[in-house]
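Numbering (our numbering), first residue to last: 434 to 500. Inspection log for the structure reproduced underneath, given as structure tokens.
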Amino acid sequence: GELAARIEAAEARVAEIEAVFADPSFYAGASPDEVRRLEEERAGLVEEVAALMGEWEGVEEELDSAY
Numbered sequence: 434g435e436l437a438a439r440i441e442a443a444e445a446r447v448a449e450i451e452a453v454f455a456d457p458s459f460y461a462g463a464s465p466d467e468v469r470r471l472e473e474e475r476a477g478l479v480e481e482v483a484a485l486m487g488e489w490e491g492v493e494e495e496l497d498s499a500y
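Following this line, the structure appears as structure tokens:
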């Protein structure tokens, strides 16, 4: 559902950012601020995925205990 879609979107964005970081030419052309901004965005997304996964597991446990 919506939770799975949010997890997928966040993970896809993390993968995009990691692809940017994997490109050596990015560092040649990027300002330190830009690098820091992307690092912060990535860290926030990783936390968001962890929180959403926790929520997801909670929902699954509720469903399991309901049956």
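Every residue, glycine too, gets a C-beta built ideally from N, C-alpha and C.
Between the beta-carbon of valine 447 and that of arginine 475 there is about 6 Å, and that keeps the pair under the 8 Å contact cut. Looking at the backbone, the Cα of glutamate 481 and that of leucine 436 are separated by about 11 Å. Close CB contacts of valine 453 within its chain, under the 7 Å cut and outside five residues either way in sequence, are with Phe459 and Leu471 (chain order). Contact between alanine 443 and leucine 478 holds, with the beta-carbon distance rounding to 5 Å and staying under 8 Å.
Per the coordinates, the alpha-carbon of alanine 463 lies some 22 Å from the alpha-carbon of alanine 445.
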